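Participant:
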Amino acid sequence: SANMAAVLKAAAPADAKPAPTPAPVPAPNSVEKARQGVVVIERQGRALALGVLLDADGRVLTALSPLTNGNFLSARYHDGSVVPLKLIHSDRGWDLALLGATATPTQPLHKAGLRAARTPSFVGLQSFGLTPPNTISAAPAALTLSPGLLGGDATSLAGAYELANKPALVGAPIVNTEGEVVAIVARACPTDSKSGCAPAPYGAPVTALKQFLQRVPAEATWLGVDAATDESRGVHGVRIASVVPGSPASVAGIRPGKDATQADLGIAVDGAPVTTP
637 SANMAAVLKA
647 AAPADAKPAP
657 TPAPVPAPNS
667 VEKARQGVVV
677 IERQGRALAL
687 GVLLDADGRV
697 LTALSPLTNG
707 NFLSARYHDG
717 SVVPLKLIHS
727 DRGWDLALLG
737 ATATPTQPLH
747 KAGLRAARTP
757 SFVGLQSFGL
767 TPPNTISAAP
777 AALTLSPGLL
787 GGDATSLAGA
797 YELANKPALV
807 GAPIVNTEGE
817 VVAIVARACP
827 TDSKSGCAPA
837 PYGAPVTALK
847 QFLQRVPAEA
857 TWLGVDAATD
867 ESRGVHGVRI
877 ASVVPGSPAS
887 VAGIRPGKDA
897 TQADLGIAVD
907 GAPVTTP
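Read in order, the letters of the sequence shown correspond to residues 637 to 913 in our numbering.
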C-alpha cells in the first residue's frame, strides 16, 4: 500500500489541488434536521412565536398565548417561504395551539417535520430560538420536573418541566440528540403565585402534547384518503380508493385500490359504524 501511495503521489500533477470536502449531510433524525421543522409564527411580518411542524402532516403545533386573537397568522419555513395559517384547535390550560393552512394556501405545504420522543431523556437536549435576521438557532437546554405549575383556567399541569433558560419566544420544541420532541415551550405560573402572575416559559411534556392532539375535533383532522361507499363484500363500509403519499393514512399502512377485494374497507371509527365517506 505504501508503494501504491508513492505511485499515486508521483502521478499527480504538481499544481493539483485537493478535492473539496463535501458538506456534511444532516442525519435523518439529527438536531440539524429538526431545525428545518421549526417555523416562525408571524402576524404581518412580525414574529410572535416559534412552532413545530408535525411530521407528514403539515400542521403546526405552538403556544397559544402569543397568538392573541388568532387572526392573520402565517408560518415562515426554513427555506424562507411563508404560508397563511388559521387556528384550528387550542388548550388554554397547557397553553397549546394547533394551526393549519387556510382553505386555499398560496404555496405547497411543507410535510417534513418532527416526531415525538418515545422515551424522553434529559441528556443532550437542545432548544431553538430566533436570531437576526429570522434565523432559527439551536442551543443546549436543560429540563427538570416541576414541583407544580398552573396553566390557564387554573389548570394543574402534572408532569410539566422547568426550563433552565427562559427563551424570548415560546412555541419552540426541545429535542433530544436524535431530533425528537421531548417538550414544547409554553407559558404557565407557579402554583404558589398570586392571581396577578405573569406566565413564564415552561416545558409541556410529550404526554400532554399527545393528549392535546387526540382531542382535535374531527373537522380539523386530515387523513389523506379518497373513499367511496362499498357494500360489495356483504359488509357496509367505506372503501379506500386512494391514499395521499406521506399522509397519516399512508404512514398507518392503509391500503387503497380500485379492486374492492384488495383495498381496505373502513367499517367503524371508535366503534361507531361508518357507511359514507
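Even glycine gets a Cβ: it sits at the ideal position worked out from N, Cα and C. Please read all numbers here as calculations on a predicted model, not as lab measurements.
1. Go ahead and pull the three-state DSSP assignment for Lys-802.
2. Answer yes if the region 717–734 comes into contact with the region 769–778, meaning at least three C-beta pairs across the two stretches below 8 Å, and no otherwise.
3. By Cβ distance below 7 Å, which residues in the same chain neighbour Tyr-797 in space, the five residues on each side in sequence not counted?
4. Glu-816 and Ala-753 look like a contact to me (Cβ under 8 Å); what is the Cβ gap, rounded to whole Å?
5. Rounded to the nearest angstrom, what separates His-725 and Asp-693 at their Cα positions?
6. Express the C-alpha separation of Val-675 and Leu-734 in angstroms, rounding to a whole number.
7. Just verifying my parser: in three-state terms, what is the DSSP assignment at Arg-671?
8. Of all the alpha helix (DSSP H) runs that stay within the bounds of the region 815–859, which reach a length of 4 or more residues?
9. Would you mind giving the Cβ-Cβ distance between Ile-903 and Pro-892, rounded to the nearest angstrom? I have them listed as a contact below 8 Å.
10. So which of Arg-751, Thr-843, Arg-682, Pro-744 has the shortest CA-CA distance to Leu-766?
11. I'd like to confirm the pairing. Which residues does DSSP put opposite His-725 in its beta bridges?
12. Keeping to the same chain, check which residues put their C-beta closer than 8 Å to that of Leu-732; ignore five residues upstream and five downstream.
13. Select from Ser-868, Asp-691, Arg-712 the residue whose C-alpha is nearest the C-alpha of Ala-685.
14. Please check if any C-beta of chain C sits within less than 8 Å of the C-beta of Ile-724.
15. Can you tell me where the beta strand (DSSP E) holding Val-871 begins and where it ends?
16. Just checking my contact of Val-688 with Gly-760 at CB under 8 Å: how many whole Å lie between their CB atoms?
17. Short check: CB of Pro-835 to CB of Phe-764, under 8 Å?
18. Going by beta carbon distance, what residues of the same chain come within less than 7 Å of Ala-896, once the five residues before and after it are set aside?
19. Using only alpha-carbon positions, find the residue among Val-806, Thr-911, Phe-708 that is nearest to Arg-679.
20. Among the candidates Leu-690, Gln-850, Leu-703, Asp-828, whose CA atom is the shortest distance from the CA of Asp-906?
21. In three-state terms, what does DSSP make of Thr-703?
22. What did DSSP end up calling Ala-908 once you bin it into helix, strand or coil?
23. So within the region 747–813, which uninterrupted beta strand (DSSP E) runs reach at least 3 residues, ignoring any that extend past its ends?
24. If we ignore side chains and look at the alpha-carbon of each, how far apart do Leu-793 and Ser-757 end up?
25. Over what stretch of residues does the beta strand (DSSP E) that includes Val-688 continue unbroken?
26. Considering Cα atoms alone, identify which of Arg-671, Thr-912, Leu-703, Leu-690 is closest to Val-806.
27. Going by alpha carbons, who is nearest to Thr-827 out of Leu-799, Thr-813, Leu-785?
Facilitator: Checking against the coordinates, here is how it stands:
1. Assigned with DSSP and collapsed to three states, Lys-802 falls in coil, not helix or strand.
2. Not touching, per the Cβ criterion.
3. Non-local C-beta neighbours of Tyr-797 in its own chain, meaning closer than 7 Å and more than five positions away in sequence, comprise Leu-779, Thr-780, Leu-781, Ser-782, Ala-819, Tyr-838, Gly-839, Pro-841, ordered along the chain.
4. The Cβ separation is near 4 Å, so the contact holds.
5. His-725 and Asp-693 have their C-alpha atoms roughly 15 Å apart.
6. Between the alpha carbons of Leu-734 and Val-675 lies a gap of roughly 13 Å.
7. Correct three-state label for Arg-671: helix.
8. Along the length of the region 815–859, whole alpha helix (DSSP H) runs at least 4 residues long occupy 842–850, reported in chain order.
9. Rounded, the Cβ-Cβ distance is 16 Å, inconsistent with contact.
10. It is Arg-682 whose Cα lies nearest to the Cα of Leu-766.
11. His-725 pairs with Leu-734.
12. Contacts found: Leu-697, Thr-698, Ala-699, Leu-700, Ser-726, Ile-820, Ala-822, Ala-840, Ala-844, Leu-845, Phe-848.
13. With distances taken between CA atoms, Ala-685 lies nearest to Arg-712 out of Ser-868, Asp-691, Arg-712.
14. Checking the listed chains, one finds no chain C in this structure; it contains a single protein chain.
15. No beta strand (DSSP E) holds Val-871; DSSP gives it neither H nor E.
16. Not really, about 19 Å apart at Cβ, beyond 8 Å.
17. No, these two residues do not count as a Cβ contact at 8 Å.
18. Cβ neighbours of Ala-896 beyond the five flanking positions: Asp-866, Ser-868, Arg-869, Arg-875.
19. It is Phe-708.
20. It is Gln-850.
21. Correcting the residue type first, residue 703 is Leu in the shown sequence and not Thr. It is helical.
22. Three-state result, Ala-908: strand.
23. Considered as a whole, the region 747–813 harbours 762–767, 771–776, 779–781, 797–799, 809–811 as its complete beta strand (DSSP E) runs of no fewer than 3 residues, in chain order.
24. One alpha carbon belongs to Leu-793, the other to Ser-757, and they sit about 19 Å apart.
25. For Val-688, the uninterrupted beta strand (DSSP E) segment begins and ends at 682–689.
26. Among Arg-671, Thr-912, Leu-703, Leu-690, the Cα nearest to that of Val-806 belongs to Leu-703.
27. Selected option, being the one with the closest Cα: Leu-785.
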